[in-house]
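Just below is one structure, and these are the notes that go with it.
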Amino acid sequence: MIRFENVVVRYARHGPAALDGVSLHAPRGTVTAVVGPNGSGKSTLVRALLGRQPVESGRVRVEESDRATMDARAFARRVAVLTQRESPVFPLMVREYVALGRYPHVGPWSSAGDRMQAGIVADAITRADIVELQHRRTDELSGGEWQRVRIARALAQGGDALVVDEPTTFLDIAHEMQVFELLASQAASGRAVLLVSHQLNLVARFAATMVLMHRGRVAAIGEPDAVMQGAVLERVYQWPLVVSRDPAVGAPALVPLRGRALT
Numbered sequence: 002m003i004r005f006e007n008v009v010v011r012y013a014r015h016g017p018a019a020l021d022g023v024s025l026h027a028p029r030g031t032v033t034a035v036v037g038p039n040g041s042g043k044s045t046l047v048r049a050l051l052g053r054q055p056v057e058s059g060r061v062r063v064e065e066s067d068r069a070t071m072d073a074r075a076f077a078r079r080v081a082v083l084t085q086r087e088s089p090v091f092p093l094m095v096r097e098y099v100a101l102g103r104y105p106h107v108g109p110w111s112s113a114g115d116r117m118q119a120g121i122v123a124d125a126i127t128r129a130d131i132v133e134l135q136h137r138r139t140d141e142l143s144g145g146e147w148q149r150v151r152i153a154r155a156l157a158q159g160g161d162a163l164v165v166d167e168p169t170t171f172l173d174i175a176h177e178m179q180v181f182e183l184l185a186s187q188a189a190s191g192r193a194v195l196l197v198s199h200q201l202n203l204v205a206r207f208a209a210t211m212v213l214m215h216r217g218r219v220a221a222i223g224e225p226d227a228v229m230q231g232a233v234l235e236r237v238y239q240w241p242l243v244v245s246r247d248p249a250v251g252a253p254a255l256v257p258l259r260g261r262a263l264t
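Numbering (my numbering), first residue to last: 2 to 264.
Dropping the structure here:
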C-alpha cells in the first residue's frame, strides 16, 4: 500500500542525509511500526510521505501511484495522516474540528455537514472516546484530550491507509492502550497502518512488522522477535538493556538497565 523505495532525503544541500536509502513496505491489513531513537529519521519519513520534505532520490508510492505526482486532495482521500505536532490557527468546536477530516471526500453537491458525513464524524468521535469533549473548544483541551481529538479527525478522514506519528503522546495508560487497540482494529478492517512510536514494548505486542531506524538508515526490519534483539537495540540506543518476555502475552519486552551510556 505505502512503499518507500531507496529513499534519500537531505535537509541541507551538502549536509548528511536524514534518510539514506530507506526502503520499507506498509501493506494493507497490518500494523507496520517505525521505531528508533530521536533523530533517527522517523518523522522525516512522514514528512516525505506528506510531500513537505522533497525526496532527493528514490521513490515514495501509494499503491501504484508515485506520491510526487499525486495532488494533495487525491492523497488525502487515500491516506489519513496524524503528524507529531499540530496547532489550529484559531479555536474550533471539537466536533467541527473532527469534521474537517471529511473535506477531502466531499464534492460540489455535498458538504461535510450532510447526514452521511455527520454519521462518519459521529462514529469517529465515539471510537476515539471523545463524546464528552465534542461540544468543547479546542483551546480548552488538555494535551491528552487534544491528542485524542486529532486521532478522531484522522479516523473521520478514512481512506485506505492511516499514518500516525507518536499518537500516544500525553496519553494515560488506559487511553494509550485504547489507541493501540484502535490501530489494530483499523488494520484488521483492511487498512494499512503505518505507526511511528517510541513505545517499543507496545509496538512489539501490536505490530506485524517493526522497522528500526538508526542515523537515517534501516538498522533492522522484520517481525518483533527478529528486531527486538538486545545486541541490536543496545547498539542503536546506546544504553545497556535486556530483552525479556512479557509474561502476559509472550511478546518481547525491552528492559533498560541503570548505568552509564555505552561508548
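Ideal Cβ placement from N, Cα and C applies to all residues, glycine included.
Note that the coordinates shown come from a computational prediction; the quantities given were computed from them, not determined experimentally.
Give the C-beta separation of residue i and residue j to the nearest angstrom, bearing in mind that I take them to be a contact with Cβ-Cβ under 8 Å.
i: Arg246; j: Pro253; result: 7 Å
i: Leu180; j: Thr169; result: One detail in the question is off: residue 180 reads as Val in this sequence, not Leu. That pair is a contact at about 5 Å.
i: Val63; j: Ile126; result: About 27 Å; that fails the 8 Å criterion.
i: Ser44; j: Val204; result: Actually they are not in contact, since the Cβ atoms of Ser44 and Val204 sit about 16 Å apart, beyond 8 Å.
i: Val1; j: Tyr98; result: Any answer about residue 1 is impossible in this case: the structure gives the chain only from 2 up to 264.
i: Arg29; j: Asp161; result: 7 Å
Output the boundary residues of the beta strand (DSSP E) element that contains residue i.
i: Ser198; result: From DSSP, Ser198 is part of no beta strand (DSSP E); its letter is neither H nor E.
i: His15; result: Unbroken run through His15: none, as it is neither H nor E.
i: Leu50; result: Per DSSP, Leu50 belongs to no beta strand (DSSP E); it is in the alpha helix (DSSP H), Lys43 to Leu51.
i: Gly144; result: From DSSP, Gly144 is part of no beta strand (DSSP E) but of the alpha helix (DSSP H) over Gly144 to Gln158.
i: Asp173; result: Run containing Asp173: none; DSSP gives neither H nor E here.
Would the beta-carbon of residue i be found less than 6 Å away from any heavy atom of the ligand SAM?
i: Leu201; result: You won't find the ligand SAM in this model; it holds no ligand whatsoever.
Identify, in the order they occur along the chain, each residue of the same chain with its Cβ nearer than 6 Å to the Cβ of residue i, setting aside the five sequence neighbours on each side.
i: Ile222; result: Val212
i: Ala18; result: Val9, Arg11 and Gly217
i: Pro38; result: Tyr238
Which partner residues of residue i appear in the DSSP bridge assignment?
i: Gly191; result: In DSSP, Gly191 forms no bridge with anything.
i: Arg246; result: Pro253
i: Asp166; result: Val197
i: Leu183; result: DSSP lists no partner for Leu183.
i: Val36; result: Leu213
i: Phe5; result: Leu25 and Val61
Can you name the start and end residues of the alpha helix (DSSP H) that residue i belongs to?
i: Arg62; result: No alpha helix (DSSP H) contains Arg62, which is instead part of the beta strand (DSSP E) from Ser58 to Val63.
i: Asp124; result: Arg116 to Arg128
i: Leu234; result: Gly231 to Tyr238
Among the residues of its own chain, which have a CB less than 7 Å from the CB of residue i, if the five just before and after it don't count?
i: Trp110; result: Note on Trp110: pLDDT 47, under 50, position unreliable in the model; no value is reported.
i: Arg79; result: Val63, Gly160, Asp161 and Ala162
Does any residue of chain C bring its CB to less than 7 Å from the CB of residue i?
i: Ala157; result: Annotation note: the requested chain C is absent from the structure, which comprises a single protein chain.
Open item on the list: When you compare the segment 81-96 with the segment 135-142, are there three or more beta-carbon pairs, one atom per stretch, that lie closer than 8 Å?
Closed with: In short, these stretches touch, since the Cβ pair count reaches three.
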